[in-house]
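A.B. asks: Quick note, the sequences are listed as chains A and B, same order.
Convert by adding 73 to the 1-based position in the first sequence; the result is the number in this note's numbering.
Convert by adding 23 to the 1-based position in the second sequence; the result is the number in this note's numbering.
Shown below is the structure under consideration.
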Amino acid sequence: MTGRAQARTVPYLFVAPAVTLMVVILLVPVAIAALLSFTDYSLGNADFSFVGIDNYEDIFSRRTYAKMIASSLIYVGVVVPASIGLGLGSALLISSLRFAQDFYKAVFFLPTMAALLAMAIVWEFMLNPTIGSVNALLSAGCASPFWHGLLSGAFLGVDPATSWYGNACATGFPLWLGDRAYALGSLCFIGVWQAFGFNMVLYLAGLTAIPRELYHAAEMDGAASAWDRFRLVTWPLLGPTTVFVVTITTIRSFQVFDSVEALTAGGPSKSTYVMMYAIYEKAIRQNLIGIGAAITVVFLIFVMAVTLIQRHYVEKRVHYS
Amino acid sequence: MATVTLRNIRKSFGTTEVLKGVSLDIADGEFVSLVGPSGCGKSTLLKILAGLEPQNSGDVAIGGRVVNHIRPSRRDLAMVFQSYALYPHLTVEENLMVPLKLRRLNRMERLPGLGHLMPGRRQKMHRIRAVVEETTETLKIGDLLARKPGQLSGGQRQRVAVGRAMVRKPVAFLMDEPLSNLDAALRVHMRAEIAELHRDLATTFVYVTHDQAEALTMSDRIAVMMDGEVLQFASPDEVYHDPADLRVAQFIGSPKMNTLPGALGSGGAVSTVGGYTFARAFDGPPQTVTVGLRPEHLAIAPKAPNGRAIPVTVRHKENLGSDFFIHANVGDTGHTMIVRTEPHTAQSLPLQGAAEIWSVEDRAVVFSSDNRRIYASDELRGIGAADLALAPAGAAQ
Ligand SMILES: Nc1ncnc2c1ncn2[C@@H]1O[C@H](COP(=O)(O)OP(=O)(O)OP(=O)(O)O)[C@@H](O)[C@H]1O
Ligand SMILES: [Mg+2]
Numbered sequence: 074m075t076g077r078a079q080a081r082t083v084p085y086l087f088v089a090p091a092v093t094l095m096v097v098i099l100l101v102p103v104a105i106a107a108l109l110s111f112t113d114y115s116l117g118n119a120d121f122s123f124v125g126i127d128n129y130e131d132i133f134s135r136r137t138y139a140k141m142i143a144s145s146l147i148y149v150g151v152v153v154p155a156s157i158g159l160g161l162g163s164a165l166l167i168s169s170l171r172f173a174q175d176f177y178k179a180v181f182f183l184p185t186m187a188a189l190l191a192m193a194i195v196w197e198f199m200l201n202p203t204i205g206s207v208n209a210l211l212s213a214g215c216a217s218p219f220w221h222g223l224l225s226g227a228f229l230g231v232d233p234a235t236s237w238y239g240n241a242c243a244t245g246f247p248l249w250l251g252d253r254a255y256a257l258g259s260l261c262f263i264g265v266w267q268a269f270g271f272n273m274v275l276y277l278a279g280l281t282a283i284p285r286e287l288y289h290a291a292e293m294d295g296a297a298s299a300w301d302r303f304r305l306v307t308w309p310l311l312g313p314t315t316v317f318v319v320t321i322t323t324i325r326s327f328q329v330f331d332s333v334e335a336l337t338a339g340g341p342s343k344s345t346y347v348m349m350y351a352i353y354e355k356a357i358r359q360n361l362i363g364i365g366a367a368i369t370v371v372f373l374i375f376v377m378a379v380t381l382i383q384r385h386y387v388e389k390r391v392h393y394s
Numbered sequence: 024m025a026t027v028t029l030r031n032i033r034k035s036f037g038t039t040e041v042l043k044g045v046s047l048d049i050a051d052g053e054f055v056s057l058v059g060p061s062g063c064g065k066s067t068l069l070k071i072l073a074g075l076e077p078q079n080s081g082d083v084a085i086g087g088r089v090v091n092h093i094r095p096s097r098r099d100l101a102m103v104f105q106s107y108a109l110y111p112h113l114t115v116e117e118n119l120m121v122p123l124k125l126r127r128l129n130r131m132e133r134l135p136g137l138g139h140l141m142p143g144r145r146q147k148m149h150r151i152r153a154v155v156e157e158t159t160e161t162l163k164i165g166d167l168l169a170r171k172p173g174q175l176s177g178g179q180r181q182r183v184a185v186g187r188a189m190v191r192k193p194v195a196f197l198m199d200e201p202l203s204n205l206d207a208a209l210r211v212h213m214r215a216e217i218a219e220l221h222r223d224l225a226t227t228f229v230y231v232t233h234d235q236a237e238a239l240t241m242s243d244r245i246a247v248m249m250d251g252e253v254l255q256f257a258s259p260d261e262v263y264h265d266p267a268d269l270r271v272a273q274f275i276g277s278p279k280m281n282t283l284p285g286a287l288g289s290g291g292a293v294s295t296v297g298g299y300t301f302a303r304a305f306d307g308p309p310q311t312v313t314v315g316l317r318p319e320h321l322a323i324a325p326k327a328p329n330g331r332a333i334p335v336t337v338r339h340k341e342n343l344g345s346d347f348f349i350h351a352n353v354g355d356t357g358h359t360m361i362v363r364t365e366p367h368t369a370q371s372l373p374l375q376g377a378a379e380i381w382s383v384e385d386r387a388v389v390f391s392s393d394n395r396r397i398y399a400s401d402e403l404r405g406i407g408a409a410d411l412a413l414a415p416a417g418a419a420q
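Right, dumping it as structure tokens:
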């Protein structure tokens, strides 16, 4: 080799190991999944055939998969704004405390630290229709005229039977995880309960990075109310944090699996059949790798879309230098 | 425009007392500097005046009205922060509009989106834009309006910060070391601009700095602070020529005032190292004292003309072009002195050679061991002494 040619190849040799690893570990699996999504492959079968876009057609035509996409989107649509709102709210409240900050931080962060699968057992017990504490508490309220009046709205002169609580007192409380109308909502609640502590910690970090002098400047400029200061300083300066929190929470919500597996297994009547659970059920339990791979690809497209949207529309607007 | 009065302000952070009873009476339209070494409590005092930090005791009055319990936004002051504290997400124009929007638009008109539908908002915004335009013209930042603070140089940011304080026509300006982040040339330039701004607006200025040159060149009066106390509050000339306290004398002036140990004998005679005795008589009982001698009030030569002199060894000659500063050791006492002299005298002094220093016209300031001033019998105290002073050439360095 001439010195010149060597000088040209050596840099490539240096980056080759890193690039090889990246391709083999990160890109090849995705490519394989994409490829498999056009086949009817199942694990252990020697032969398989290409089925074109059949798997995708299934996803976008069969009712089960329509439910799958709907329940995933609903879950994301509820958990993301609720956990971010609560996370920001609690971060603002905690950062305004003079003492006991660490106590509240630890308490709110607990659900995030504890494995969701482990906590699911507790929720399963609490939401149990017969022995669970949730329904026990709710029905205890029915007997007390004060709570019944307050919760059913009877104190406002409303007919108790028309309110949710008054009605439930008469006809029985929901089965929660066993009820098609309540299962997804219950999972959303648990999802929010688990995620907001994490968002709170991120927001607390974002808040400490805001220079105190900006609040002083806002005060001198006439921002007398807390809302004015929030609009003028806190919210804009939390912009980069918010972008990060939204992205992370969205991706994590799309990935919800453990609480579904532990509590509802996608039921009742597929009302909590989220994408991750569908992939698991098709590809792993039923060994239909082709359709599982197709759902995986759709899933990746959703996540990519979220990431691209945040890059294009938001990131440019929240970094100020 | 308003007077600003601080009465016996005390402030502690935990157990450390940062301000130990500070009182200042600032006249309407006056330019007052707070100077002092780092950590002496200047910023804290300014924040208390603004209302951003509560005092432990004492009163703040603006325009004769005690404002202790009035929140900062209602005190109608404007502040320029050391770090400028511009809103990083807003353009220069929006930054300048913030104080006006917050004060002139009502709650509904400030709502995002919906506010634009409110009747009357357009006229108000029109007037706000006019004020902003006027301000940007004064400060020559008209071509920066669309930029964000992150895209500005330090000097430009400083102007925007001043502009944001100016748009509102506050009753007083508070500035916390606004020039400390700028390079030397820009600092001199901005110094002149702020002084000019003060002349134009004729508003009360309270200006914090630890740079004594800034204080001396810009102020009507200087408050020299140290360890949470105001040691002297007087005109620049008075602070320079007639310091009330040894620490003031040492802080103000560059190079520093020479200080030598001395003794005040019976009959008022003051003597210092090498048996040098001043011809003037000083008022006070016999005691040990500190004698302060400004470099420009001393003379040096290989041999003193009248024999009365401090013998020294020349250690170093500092050439400033027009002048020399001679650094010399006083015998083997360990004291060093700095003397200002003309270039041709400096040339006659060999390094490491012997020389003699004497005081021109006995211009010595004498301090007792508790740092208080001891006046000469023929000296006017506190007032007017500065008028007697001749060329204050070294004052502005
Ligand atoms: N929030 C605070 N908590 C505790 N101590 C403080 C606080 N703010 C200031 N201090 C202390 O008070 C003293 C005075 O601080 P201040 O900021 O007023 O000094 P300064 O004169 O402005 O100094 P510089 O010239 O360095 O800006 C310092 O010793 C500082 O450590
Ligand atoms: Mg300071």
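Virtual Cβ for every residue (Gly too), placed ideally from N, Cα, C.
State the Cα-Cα distance for the pair B/Val154 and B/Pro122, rounded to the nearest angstrom.
C.D. replies: Start at 1 with the first residue of the second sequence, and residue 154 of chain B comes out as number 131. Start at 1 with the first residue of the second sequence, and residue 122 of chain B comes out as number 99. If you take the alpha carbons of B/Val154 and B/Pro122, they lie about 11 angstroms apart.
A.B. asks: Short check: CB of A/Val376 to CB of A/Met349, under 8 angstroms?
C.D. replies: In the first sequence, residue 376 of chain A corresponds to position 303, counting from 1. In the first sequence, residue 349 of chain A corresponds to position 276, counting from 1. Against a cut-off of 8 angstroms, the Cβ pair of A/Met349 and A/Val376 comes out as no contact.
A.B. asks: Would you decide whether B/Val231 is buried or exposed? Buried here means 16 or more other CB atoms lie within 10 Å of its CB.
C.D. replies: Position 208 of the second sequence, counted from the first residue, corresponds to residue 231 of chain B. With 16 or more other Cβ atoms within 10 Å, it is buried.
A.B. asks: Would you please verify whether the beta carbon of B/Tyr263 is less than 8 angstroms from any beta carbon of chain A?
C.D. replies: As a first step, residue 263 of chain B is located in the second sequence; it is residue number 240 there, counting from the start. False, the Cβ-Cβ gap to chain A never drops below 8 angstroms.
A.B. asks: What is the rounded straight-line gap between the Cα of A/Val88 and the Cα of B/Ala218?
C.D. replies: In the first sequence, counting from the first residue as 1, residue 88 of chain A sits at position 15. In the second sequence, counting from the first residue as 1, residue 218 of chain B sits at position 195. A/Val88 and B/Ala218: Cα-Cα distance of roughly 60 angstroms.
A.B. asks: Is B/Lys65 near ligand 2 - that is, is its Cβ less than 7 angstroms away from at least one heavy atom of it?
C.D. replies: Your numbering for residue 65 of chain B matches position 42 in the second sequence. Under cutoff, so the answer is yes.
A.B. asks: With 16 as the cutoff for other CB atoms within 10 Å, does A/Asn240 come out buried or exposed?
C.D. replies: As a first step, residue 240 of chain A is located in the first sequence; it is residue number 167 there, counting from the start. A/Asn240 is exposed by the Cβ-count criterion.
A.B. asks: Just to make sure I have the definition right: I need the residues of chain A whose C-beta is within less than 8 angstroms of the C-beta of B/Leu162. Which are they?
C.D. replies: Here the question's residue 162 of chain B lines up with position 139 in the second sequence. Those do not exist, as B/Leu162 stays about 17 angstroms from chain A at its closest Cβ, beyond 8 angstroms.
A.B. asks: Check distances from the C-beta atoms of the region 117-147 of chain B to those of chain A and list, in chain order, the residues that come in under 7 angstroms.
C.D. replies: Answer in chain order: Val121, Pro122, Leu125, Arg126.
A.B. asks: Along chain B, in chain order, which residues have C-beta atoms closer than 9 angstroms to that of A/Val292?
C.D. replies: Residue numbering aside, residue 292 of chain A sits at position 219 when the first sequence is read from its first letter. Before going on, a small fix: residue 292 of chain A reads as Glu here, not Val. Neighbours of A/Glu292 on chain B, chain order: Ala73, Gly74, Leu75, Arg94, Pro95, Ser96.
A.B. asks: Residues of chain B with CB closer than 9 angstroms to the CB of A/Pro284, please, in chain order.
C.D. replies: Counted from its first residue, the first sequence places residue 284 of chain A at position 211. Those are Ser106, Ala108, listed as they occur along chain B.
A.B. asks: Just by C-beta distance, which residues in the region 215-248 of chain B are closer than 9 angstroms to chain A?
C.D. replies: Answer in chain order: no residues at all.
A.B. asks: At the 8 angstroms Cβ level, is A/Pro309 part of the contact set with chain B, yes or no?
C.D. replies: For this step, residue 309 of chain A is matched to residue 236 along the first sequence. Yes, A/Pro309 lies at the interface with chain B (some Cβ there is under 8 angstroms from its Cβ).
A.B. asks: Would you call the region 223-234 of chain A and the region 312-330 of chain A in contact, with 3 or more CB pairs under 8 angstroms?
C.D. replies: Touching, no, given that fewer than three Cβ pairs across the two stretches are closer than 8 angstroms.
A.B. asks: Looking at the unbroken beta strand (DSSP E) that takes in B/Leu287, where does it start and where does it end?
C.D. replies: Here residue 287 of chain B refers to the residue found at position 264 of the second sequence. Where B/Leu287 is concerned, the enclosing beta strand (DSSP E) stretches over 281-287.
A.B. asks: Given that B/Leu100 touches chain A, what residues does it touch there, using C-beta distances under 8 angstroms?
C.D. replies: Along the second sequence, one-based indexing puts residue 100 of chain B at 77. By Cβ distance, chain A contributes Met293.
A.B. asks: Is there at least one non-hydrogen atom of ligand 1 closer than 7 angstroms to the beta-carbon of B/His112?
C.D. replies: As a working note, residue 112 of chain B is residue 89 in the second sequence. For ligand 1, not one heavy atom lies less than 7 angstroms from the Cβ of B/His112.
A.B. asks: Tell me whether B/Ala412 sits in a helix, a strand or coil according to DSSP, three-state version.
C.D. replies: Indexing the second sequence from 1 puts residue 412 of chain B at position 389. The predicted model places B/Ala412 with a pLDDT of 42, which falls under 50 and marks its position as unreliable; any figure quoted below should be read in that light. Coil at B/Ala412, not helix or strand.
A.B. asks: Counting only beta-carbon separations shorter than 8 angstroms, does A/Ala297 have a partner in chain B?
C.D. replies: Position 224 of the first sequence holds residue 297 of chain A. Closer than 8 angstroms to some Cβ of chain B, the Cβ of A/Ala297 qualifies, so yes.
A.B. asks: By Cβ distance below 6 angstroms, which residues in the same chain neighbour A/Gln174 in space, the five residues on each side in sequence not counted?
C.D. replies: Position 101 of the first sequence, counted from the start, is the residue given in the question as residue 174 of chain A. Contacts found: Ile167.
A.B. asks: Closer than 8 angstroms, CB to CB, is A/Leu287 near chain B or not?
C.D. replies: Locating residue 287 of chain A in the first sequence gives position 214, where the first residue counts as 1. It does: the Cβ of A/Leu287 has a partner Cβ on chain B nearer than 8 angstroms.
A.B. asks: Any beta carbon from chain B within less than 8 angstroms of A/Gly312's own beta carbon?
C.D. replies: Position 239 of the first sequence holds residue 312 of chain A. Interface residue, yes.
A.B. asks: Looking only at its own chain, which residues have a Cβ that is under 8 angstroms from the Cβ of A/Glu292, when we skip the five neighbours before and after it?
C.D. replies: In the first sequence, the residue the question calls residue 292 of chain A occupies position 219. Cβ within range, chain order: Arg302.
A.B. asks: Counting only beta-carbon separations shorter than 8 angstroms, does B/Ala412 have a partner in chain A?
C.D. replies: Counting from 1 along the second sequence, the entry for residue 412 of chain B is found at position 389. The pLDDT assigned to B/Ala412 is 42, lower than 50, so where the model puts this residue is not dependable, and the model offers no usable value.
A.B. asks: Given a threshold of 16 other Cβ atoms within 10 Å of its Cβ, counted over all protein chains shown, does B/Thr226 qualify as buried or as exposed?
C.D. replies: Residue 226 of chain B sits at position 203 when you count from the first residue of the second sequence. Classification for B/Thr226: buried.
A.B. asks: Which residues bound the beta strand (DSSP E) around B/Asn352?
C.D. replies: The residue given as residue 352 of chain B occupies position 329 in the second sequence. That run of the beta strand (DSSP E) goes 347-353.
A.B. asks: Report all residues from its chain with a CB closer than 6 angstroms to the CB of B/Gln420; omit the five preceding and five following residues, and keep chain order.
C.D. replies: As a first step, residue 420 of chain B is located in the second sequence; it is residue number 397 there, counting from the start. In this prediction, B/Gln420 has a pLDDT of 36, which is less than 50 and means its spatial position is unreliable; what the coordinates show is noted afterwards. The residues are Ser277.
A.B. asks: What three-state label does DSSP hand B/Thr329 in the structure shown?
C.D. replies: Here residue 329 of chain B corresponds to residue number 306 of the second sequence, with the count starting at 1. Checking the sequence shown, residue 329 of chain B turns out to be Asn, not Thr. Coil, per DSSP.
A.B. asks: Alpha carbon to alpha carbon, how far is B/Val271 from B/Ala351? Give it in angstroms, no decimals.
C.D. replies: For the purposes of this step, residue 351 of chain B is identified with residue 328 of the second sequence, where counting begins at 1. For the purposes of this step, residue 271 of chain B is identified with residue 248 of the second sequence, where counting begins at 1. Approximately 23 angstroms between the Cα atoms of the pair.
A.B. asks: Starting from A/Phe269 and walking both ways along the alpha helix (DSSP H), at which residues does that stretch end?
C.D. replies: Here residue 269 of chain A refers to the residue found at position 196 when the first sequence is read from its first residue. Start and end: 256-281.
A.B. asks: Can you tell me whether A/Thr203 is helix, strand or coil according to DSSP?
C.D. replies: By one-based count along the first sequence, residue 203 of chain A stands at place 130. Correct three-state label for A/Thr203: coil.
A.B. asks: Scan the region 182-244 of chain B and note each continuous beta strand (DSSP E) run of 3 residues or more that stays entirely inside, going in chain order.
C.D. replies: Fully enclosed beta strand (DSSP E) runs of 3 or longer: 195-199, 227-232.
A.B. asks: Rounding to the nearest angstrom, what Cα-Cα distance links B/Ser61 and B/Leu69 in this structure?
C.D. replies: Locating residue 61 of chain B in the second sequence gives position 38, where the first residue counts as 1. Locating residue 69 of chain B in the second sequence gives position 46, where the first residue counts as 1. Distance between the alpha carbons of B/Ser61 and B/Leu69 is about 14 angstroms.
A.B. asks: Should B/Phe36 be counted as a contact of ligand 1 given a C-beta to heavy atom distance under 7 angstroms?
C.D. replies: Taking the first residue of the second sequence as position 1, residue 36 of chain B is located at position 13. Yes, ligand 1 has a heavy atom inside 7 angstroms of this Cβ.
A.B. asks: Establish whether the CB of A/Leu305 and some CB of chain B are separated by less than 8 angstroms.
C.D. replies: Sequence index remark: in the first sequence, residue 305 of chain A carries index 232 (1-based). Yes, because at least one Cβ of chain B sits closer than 8 angstroms to the Cβ of A/Leu305.
A.B. asks: A/Asp232 versus chain B: which residues are under 9 angstroms apart at the beta carbon?
C.D. replies: Numbered from 1 along the first sequence, position 159 holds the residue referred to as residue 232 of chain A. Simply none; closest approach about 36 angstroms.
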